[in-house]
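What follows is a single structure, written as structure tokens, with notes after it.
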Amino acid sequence: MERPNAWKAYDEAALAELDQLCDDYRAFISQNKTERECVVSSVKLAEAAGYVNLADAVAEGRELKAGDKVYAVSHNKTLMLVNLGTQPLEQGMNILGAHIDSPRLDLKQNPLYEAGDMAYLDTHYYGGVKAYHWVATPLALHGVICKKDGSTVTVAVGEEAGDPVFCISDLLIHLASDQMKKPASEAVDHENLDVIVGGRPVVIEGSDDDEPKEPVKQMLLDILKEKYDVEEEDFLSAELEVVPAGPARDMGFDRSMILGYGQDDRVCAYTSLAAQLAVENVERTSCTLLVDKEEIGSVGASGMTSRFFENTVAEIMALTGNDSPLALRRCLASSRMLSSDVSAGFDQLYADRFEKKNAAIMGHGLCFNKYTGSRGKSGSNDADAEYLALVRDIMDEAGVAFQTCELGRIGAGGGGTIAYILAEYGMQVIDSGVAVLSMHSLYEVTNKADVYEAYRGYKAFIKRA
Ligand SMILES: [Zn+2]
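Note that this note's numbering has the sequence shown beginning at 64, numbered continuously upward.
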């Protein structure tokens, strides 16, 4: 049951559309490296497509009807978009979901110290990272510093051509004989992922008594004060993320791939968003969820397990004139969802970790994972065969290239997604998404045909599911 390479089917028009989508996608992941940045940019795109803030509609008690488009933001990190269809909401929605948080290094709350005449920022890693990836590579700093006066300072350093970057040092090979004998998981200690951010002391004219105890750290504090008007204490209420510096790039002589940070899962998030915005006039209400905290278990107020989604559906139903709790339950249970996260693309260099006929092949289109999990499908949302039949039919009717796959060979490992959380409402959910190489590394690889087929598949699903 070989499925064909998607590139073989493209005519000039399809290739032009693919190029445009992938250019826009590459720019999106280059400019948006945190969940907060993804929300801000996605809201801009949504507003340009006619979406309005649900909070305003609620405040005004504005009636919502078919054709109205609204969005809701939770904690500046999770976004939900809804395009109201002609069918009553009670009959369910067609939902796309993906996550916009990515593995990275978060600054600790008390991060700044000086040692060896250098200033460092101490980090605590977020999500599944191989610590050795993060040393000796240019890094950028993105995030917010919230001050006691209620103001928020936005930080993004290391992306513009003229910006400085940051770096975590690695032990020189000459002194690494002990390190090189360690297993990869221990070669670099996660506690040692401290970012070098300064190497020059402040110099104060006059007596030595006036010299600060830590002059390099003081230099950094002076710069932060001047540039952002923040004090060291303000780190206590900051969310600053260390990410790879620089833009995503086209990859390969044929430019068939994209190399970039955070494609897990922004490749699914961006294509879901683009599909949601592209499809107007729907029968069944369409909804796209771009959520935070998936990489650490979908917990917290901005994670998928919070009540934000359910509450937002309730608000929307109330504005359509139906605030019955039973109608809300029916809506949720009757919905259908593509829960999208990246799949492990088949990698010839690690071929023994895959079972090839059930592996995602790069360039073979949108992936559907009936189940994920590990050790006997444990923790997996195992989609119904009935639902898969519907999804197959939708994809085939729209001519979307797709493939079915598992996350590696049995026993090689495993992973989870947000699918099971939505399935708790009783709705039909299947894991889907785009294949990547080097998942959770600093620079993940996608094939542009898969990005394009994801977008096409999501559009087809919104229209017909
Ligand atoms: Zn993911």
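For every residue, glycine included, the Cβ atom is placed at its ideal position computed from N, Cα and C. It should be emphasised that the depicted structure is a prediction, and the values quoted were computed from it without experimental measurement.
On a Cα-Cα basis, can you pick out the residue from the options that is closest to residue i?
i: K526; options: S495, R347, A407, N432; result: R347
i: K140; options: T97, T149, Y176; result: T97
i: A475; options: K511, G436, A396; result: G436
i: V216; options: E294, D355, F465; result: E294
i: D212; options: I321, D180, M458, S300; result: S300
i: Y506; options: S495, V192, K356; result: V192
i: A4; options: A517, S365, D415; result: The question about residue 4 has no answer here: the residues shown for the chain are numbered 64 through 528.
i: G478; options: G262, R167, F371, G190; result: G190
i: L117; options: T375, R99, G225, L429; result: T375
i: K290; options: P307, A219, P246, D456; result: A219
i: H503; options: S165, A122, S105, K71; result: S165
i: S105; options: Q339, Q172, V266, Y488; result: Q339
i: A482; options: Y488, G489, I493; result: I493
i: W197; options: L234, Y176, Q172; result: L234
i: K171; options: L256, G439, N432; result: L256
i: M143; options: L353, V260, D327, P307; result: L353
i: E487; options: L108, M367, S137; result: M367
i: G160; options: S495, D313, F409, I231; result: S495
i: A112; options: D459, N344, Q83; result: N344
i: P264; options: E358, P278, V251; result: P278
i: G489; options: E153, A396, R167; result: A396
At what residues does the beta strand (DSSP E) containing residue i begin and finish?
i: D82; result: No beta strand (DSSP E) holds D82; the alpha helix (DSSP H) holding it covers 75-94.
i: M181; result: 181-189
i: Q491; result: 491-496
i: I208; result: 202-209
i: C350; result: 348-354
i: K153; result: Reading off the sequence, residue 153 comes out as Glu, not Lys. Segment: none, E153 is in no beta strand (DSSP E) and carries neither H nor E.
i: G261; result: 258-261
i: E507; result: 507-510
i: Y134; result: 132-137
i: A219; result: 215-220
i: L144; result: 141-146
Would you grab the beta carbon distance between residue i and residue j for me? Rounded to a whole angstrom, and I think it's under 8 Å.
i: L50; j: S402; result: Past the edges of the chain, shown from 64 to 528, lies residue 50, and the structure says nothing about it.
i: D297; j: I208; result: 5 Å
i: R89; j: A446; result: At roughly 31 Å, the Cβ-Cβ gap does not stay under 8 Å, so R89 and A446 are not in contact.
i: A512; j: A69; result: 4 Å
i: S335; j: M156; result: The Cβ separation is near 14 Å, so there is no contact.
i: V405; j: V499; result: 5 Å
i: I424; j: Q466; result: 6 Å
Step through the CB atoms of chain B and report whether any lies within less than 8 Å of the CB of residue i.
i: V220; result: Looking for chain B here will not work: only one protein chain is present.
What are the boundary residues of the alpha helix (DSSP H) that residue i is part of?
i: T375; result: 371-382
i: R66; result: No alpha helix (DSSP H) holds R66; DSSP gives it neither H nor E.
i: R167; result: Here R167 belongs to no alpha helix (DSSP H); instead the beta strand (DSSP E) covers 167-178.
i: V192; result: First-last for V192: undefined, no H or E at that position.
i: L235; result: Segment: none, L235 is in no alpha helix (DSSP H) and carries neither H nor E.
i: M282; result: 278-291
i: A528; result: Counting along the chain, A528 falls outside any alpha helix (DSSP H), and DSSP gives it neither H nor E.
i: V121; result: 117-123
i: S248; result: 247-250
i: A112; result: From DSSP, A112 is part of no alpha helix (DSSP H); its letter is neither H nor E.
i: A482; result: 482-486
Exercise. Just the residues with CB closer than 6 Å to a heavy atom of ligand 1, in chain order, which are they?
Worked result: H162, D327, D328, E357, D404, V405
Exercise. Which parts of the region 300-340 are runs of the beta strand (DSSP E), unbroken and 3 residues or longer, counting only runs that do not cross its ends?
Worked result: 301-307, 312-314, 320-323
Problem set entry | Length at least 3, wholly inside the region 396-467: the beta strand (DSSP E) runs in chain order | 399-403, 429-432, 465-467
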